[in-house]
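Notes follow once the structure below has been shown.
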Amino acid sequence: MTVSDLATRGQRTLPVFIGLMILVGLNLRPALSSLAPVLTRIQQDTGLPAVAIGALTTLPVLCLGLFAPLAPWLAKRLGPERALAAALLLLAGGLLLRGIPAVTALFLGTLMVGAAIGVAGTLLPALVKRELPTGADLMTGVYTMALCLGGALGAGLSIPLADRLGGWPLGLASWATLALLALVAWGALAPRRERTALPGGGGSMREILGQPLAWQVMLLMGLQSSLAYIVFGWLPTLLVARGYSEAEAGWIMGASVMVQLVSALSAPWLARLGRDQRPALCLALGVTASGLWLLLQAPTTLRWPGALLLGLGQGANFSLALTLIVLRSGTSRLAGKLSGLAQGGGYTLAALGPLGVGVMLQLDLGLTLITAFLLTICALAATFALFAGRNRRLEIDAAGRVTTR
Numbered sequence: 023m024t025v026s027d028l029a030t031r032g033q034r035t036l037p038v039f040i041g042l043m044i045l046v047g048l049n050l051r052p053a054l055s056s057l058a059p060v061l062t063r064i065q066q067d068t069g070l071p072a073v074a075i076g077a078l079t080t081l082p083v084l085c086l087g088l089f090a091p092l093a094p095w096l097a098k099r100l101g102p103e104r105a106l107a108a109a110l111l112l113l114a115g116g117l118l119l120r121g122i123p124a125v126t127a128l129f130l131g132t133l134m135v136g137a138a139i140g141v142a143g144t145l146l147p148a149l150v151k152r153e154l155p156t157g158a159d160l161m162t163g164v165y166t167m168a169l170c171l172g173g174a175l176g177a178g179l180s181i182p183l184a185d186r187l188g189g190w191p192l193g194l195a196s197w198a199t200l201a202l203l204a205l206v207a208w209g210a211l212a213p214r215r216e217r218t219a220l221p222g223g224g225g226s227m228r229e230i231l232g233q234p235l236a237w238q239v240m241l242l243m244g245l246q247s248s249l250a251y252i253v254f255g256w257l258p259t260l261l262v263a264r265g266y267s268e269a270e271a272g273w274i275m276g277a278s279v280m281v282q283l284v285s286a287l288s289a290p291w292l293a294r295l296g297r298d299q300r301p302a303l304c305l306a307l308g309v310t311a312s313g314l315w316l317l318l319q320a321p322t323t324l325r326w327p328g329a330l331l332l333g334l335g336q337g338a339n340f341s342l343a344l345t346l347i348v349l350r351s352g353t354s355r356l357a358g359k360l361s362g363l364a365q366g367g368g369y370t371l372a373a374l375g376p377l378g379v380g381v382m383l384q385l386d387l388g389l390t391l392i393t394a395f396l397l398t399i400c401a402l403a404a405t406f407a408l409f410a411g412r413n414r415r416l417e418i419d420a421a422g423r424v425t426t427r
């Protein structure tokens, strides 16, 4: 096959790959965001205490962190395409298991969901880097937009699905349909490569761990993810505590997540305007903090501006954090390993956020202290953004070692 044939083939398969990224991305948030609006019903039906409900919201985020580092290992042994297919199969299985009205099935299904999303979410930045080496940051924005849309659909449709299907178990399990659709499409249309591993040799995880830049990206990812999963896990509960109805709280959260579509898609373009990403990151975190304060402390008449600002900020936060993994990596293999570290360590750190809010609610510490806790996380994230956002990149030197340039 000639070079021109390969180029023509690449032009034909690129739209298919983009469509697959969007379809897979749609599946990586409903399993999380659909749980929060029905937590009150779950607690009423199962009799679980607030601490156990807090553990239920923390479990998938913790699994994201624990299983994300397995993604590079699976990609090496199975190939990234087969590893992603296995993750989608596990996701569908976990969602179906949550349809069984039993506490054990609920927790086990949630564990499976978290593991699947951890692996799939870690593989995707490396695949994007491989297929679109020159436009990976912009493609990451499209993929993140799909994540946000999936999260919005999960939050907004959770209560209606539970009501229509006769209860929260079937409502949660219904999202397996979308996962199975993505699995079938990925199996039929995924790009095929002769090599199973991601290209770009050299660079061990130990060497990456020795680079401060990798830790800075990981801590930023963890702190902004902590805010995201607090919103996914507890925002409806916090809004109900302010006096909103269960349905209205779900729609406020859904509207906020839907707004993330705009900033998730536009943030990578904003990041390209300067030499580094520090201004964009700090702006996004400041908007997030403003939205949280408006929703939790300002008069209730400002709930929709608060939802708007929170959505714009969080969509940009996550899009920029994923974009940093691509921009701070010189090769797709380094992107895969940095993705495993940033998402593995980051999500493990992020799990402390929902757990902390659950403990604060159990101790009845009030919305003022919880708001202060959330704003402190924003401030810490902005601090690490000042380091991770600099124009630096992990590369492989002539001796095959990882270095920062």
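If you want this note's numbering, it's the 1-based position in the sequence shown plus 22. Glycine is no exception: its CB is placed at the ideal position from the N, C-alpha and C atoms.
Return the Cβ separation of A177 and G276 in integer angstroms, given the expectation that the two are a contact with Cβ distance under 8 angstroms.
Here residue 177 refers to the residue found at position 155 of the sequence shown. Here residue 276 refers to the residue found at position 254 of the sequence shown. Between G276 and A177 the Cβ distance is about 4 angstroms, and since that is below 8 angstroms, they are a contact.
So the beta strand (DSSP E) L92 belongs to, where does it begin and stop?
Against the sequence shown, residue 92 aligns to sequence position 70. Note, L92: premise wrong, no beta strand (DSSP E); alpha helix (DSSP H) at L92 to L100.
How big is the Cα-Cα spacing for I153 and A343?
Locating residue 153 in the sequence shown gives position 131, counting from the first residue. Locating residue 343 in the sequence shown gives position 321, counting from the first residue. The sequence shown places Glu at residue 153, rather than the Ile named in the question. Taking the straight line from one Cα to the other gives about 20 angstroms.
Starting from the C-beta of L257, find all residues in its chain whose C-beta is less than 6 angstroms away, skip the five residues before and the five after it, and write them out in chain order.
The residue labelled residue 257 in the question sits at position 235 within the sequence shown. The answer, listed in chain order, is M275.
Work out the CA separation of A105 and R99 for me, nearest whole Å.
Residue 99 sits at position 77 when you count from the first residue of the sequence shown. Residue 105 sits at position 83 when you count from the first residue of the sequence shown. So the two alpha carbons sit approximately 9 angstroms from each other.
Measuring only the C-alpha atoms, how far is L305 from F89?
What you label residue 305 is simply residue 283 of the sequence shown in a count that begins at 1. What you label residue 89 is simply residue 67 of the sequence shown in a count that begins at 1. Answer to the nearest angstrom: the Cα atoms are 31 angstroms apart.
For I122, report the span of its beta strand (DSSP E) as first-last.
By one-based count along the sequence shown, residue 122 stands at place 100. Run containing I122: none; DSSP gives neither H nor E here.
Which residues bound the alpha helix (DSSP H) around L283?
By 1-based counting over the sequence shown, the position of residue 283 is 261. From DSSP, the alpha helix (DSSP H) with L283 extends over E268 to A293.
Please state if the CB of W197 and the CB of L303 are separated by a distance shorter than 8 angstroms.
Taking the first residue of the sequence shown as 1, we reach residue 303 at position 281. Taking the first residue of the sequence shown as 1, we reach residue 197 at position 175. In this structure, W197 does not lie closer than 8 angstroms to L303 by Cβ.
Roughly how many angstroms separate the alpha carbons of L146 and A201, rounded to a whole number?
As a position in the sequence shown, residue 146 is number 124, starting the count at 1. As a position in the sequence shown, residue 201 is number 179, starting the count at 1. Straight-line Cα distance between these residues: approximately 16 angstroms.
Might you give, ordered along the chain, the residues of its own chain that have their beta carbon closer than 7 angstroms to the beta carbon of M134, omitting 5 neighbours on each side?
Position 112 of the sequence shown holds residue 134. L112, G115, G116 and L119.
Counting along the chain, where does the alpha helix (DSSP H) carrying L235 start and finish?
One-based indexing of the sequence shown puts residue 235 at position 213. Element bounds for L235: P234 to A263.
Report yes if the C-beta distance between S278 and A372 is below 8 angstroms; otherwise report no.
Walking along the sequence shown from the start, residue 278 turns up at place 256. Walking along the sequence shown from the start, residue 372 turns up at place 350. Not in contact: S278 and A372 (Cβ atoms no closer than 8 angstroms).
Helix, strand or coil for T393 per DSSP?
Indexing the sequence shown from 1 puts residue 393 at position 371. Correct three-state label for T393: helix.
Within this structure, are the beta carbons of L260 and L389 separated by less than 8 angstroms?
Walking along the sequence shown from the start, residue 260 turns up at place 238. Walking along the sequence shown from the start, residue 389 turns up at place 367. Yes, these two residues count as a Cβ contact at 8 angstroms.
Leaving out five residues before and five after T68 in sequence, what residues of the same chain have Cβ atoms less than 7 angstroms from its Cβ?
Within the sequence shown, residue 68 is the residue found at index 46, counting from 1. Closer than 7 angstroms at the Cβ level, and outside the excluded window around T68, lie V125.
In chain order, what residues of the same chain lie with their CB nearer than 7 angstroms to the CB of S55, ignoring the 5 residues before and after it?
Translated into the one-based positions of the sequence shown, residue 55 becomes position 33. If we look at S55 and ignore the five residues flanking it on each side, its Cβ neighbours are G173, G176, A177, F254 and V279.
Who are the Cβ neighbours of Q33 in its own chain at under 6 angstroms, not counting the five residues just before and after it?
On the sequence shown, residue 33 is found 11 positions in, with the first residue counted as 1. The predicted model places Q33 with a pLDDT of 49, which falls under 50 and marks its position as unreliable; any figure quoted below should be read in that light. Closer than 6 angstroms at the Cβ level, and outside the excluded window around Q33, lies no residue.
Taking the alpha carbon of G362 as the reference point, which residue from P71, F409, L245 and L231 has its own alpha carbon closest?
Indexing the sequence shown from 1 puts residue 362 at position 340. Comparing Cα-Cα distances from G362 to each of P71, F409, L245 and L231, the minimum goes to L231.
Excluding the 5 residues flanking L42 on each side, which residues of the same chain have their C-beta closer than 7 angstroms to its C-beta?
In the sequence shown, residue 42 corresponds to position 20, counting from 1. Excluding positions up to five away in sequence, the list reads A207, W208, L211 and A212.
For L106, which three-state DSSP category applies?
Your numbering for residue 106 matches position 84 in the sequence shown. In this structure, L106 counts as helix in the three-state DSSP scheme.
Should T30 be labelled buried (16 or more other beta-carbon atoms within 10 Å of its own) or exposed?
To locate residue 30, count along the sequence shown from 1; it is residue 8. Residue confidence for T30 is low, a pLDDT of 41 falling below 50, so the modelled location carries little weight; the figure read from the coordinates is stated next. Exposed.
Take L385 as the anchor and find which of G76, A97, A58 and G265 has the nearest alpha-carbon.
Walking along the sequence shown from the start, residue 385 turns up at place 363. If we check each option's Cα against that of L385, G76 comes out closest.
Of all the alpha helix (DSSP H) runs that stay within the bounds of the stretch 162–225, which reach a length of 4 or more residues?
Correct list: 190–195 and 198–211.
By how many angstroms is the C-alpha of R355 removed from the C-alpha of V60?
Locating residue 60 in the sequence shown gives position 38, counting from the first residue. Locating residue 355 in the sequence shown gives position 333, counting from the first residue. Cα-Cα distance, rounded: 40 angstroms.
At which residues does the alpha helix (DSSP H) containing L385 begin and terminate?
Here residue 385 refers to the residue found at position 363 of the sequence shown. First-last for L385: undefined, no H or E at that position.
Between the beta-carbon of G368 and the beta-carbon of M240, is there less than 8 angstroms?
Counting from 1 along the sequence shown, the entry for residue 368 is found at position 346. Counting from 1 along the sequence shown, the entry for residue 240 is found at position 218. Taking 8 angstroms as the Cβ cut-off, G368 and M240 qualify as a contacting pair.
Taking the alpha carbon of A403 as the point to measure from, which residue in E268, R297, A311 and A108 has its own alpha carbon closest?
Along the sequence shown, read from residue 1 onward, the residue named residue 403 stands at position 381. Minimum Cα distance to A403 is reached at A311.
Where DSSP assigns a beta bridge to S312, which residues make up the other side?
Taking the sequence shown and counting its residues from 1, one reaches residue 312 at position 290. DSSP output for S312 lists no bridge partner at all.
Which same chain residues, not among the five before or five after T79, have their C-beta less than 6 angstroms away from its C-beta?
Taking the first residue of the sequence shown as position 1, residue 79 is located at position 57. These residues qualify, in order along the chain: G255 and P376.
Which term fits G222, buried or exposed, when burial requires 16 or more other beta carbons within 10 angstroms of its beta carbon?
Working through the sequence shown from its first residue, we reach residue 222 at position 200. Only weak support is given to the placement of G222: the predicted model assigns it a pLDDT of 45, under 50, and the value that follows is read from those uncertain coordinates. With 16 or more other Cβ atoms within 10 Å, it is buried.
Taking C-beta to C-beta, are E417 and G352 nearer than 8 angstroms?
Translated into positions along the sequence shown, residue 417 becomes position 395. Translated into positions along the sequence shown, residue 352 becomes position 330. Yes, these two residues count as a Cβ contact at 8 angstroms.
Report the rounded CA-to-CA distance for Q65 versus A338, giving the unit in angstroms.
Within the sequence shown, numbered from 1, the residue matching residue 65 stands at position 43. Within the sequence shown, numbered from 1, the residue matching residue 338 stands at position 316. Computed Cα separation, rounded: 33 angstroms.
Please list, in chain order, all residues of the same chain as G121 whose beta carbon is under 7 angstroms from its beta carbon, the five residues on each side excluded.
Along the sequence shown, one-based indexing puts residue 121 at 99. Taken in chain order, the residues that qualify are P191, L192, L194 and A195.
Can you tell me which of the three DSSP states L307 falls into?
Locating residue 307 in the sequence shown gives position 285, counting from the first residue. Helix.
Candidates A407, L48 and A107: which alpha carbon is nearest Q238's?
The residue given as residue 238 occupies position 216 in the sequence shown. It is A407.
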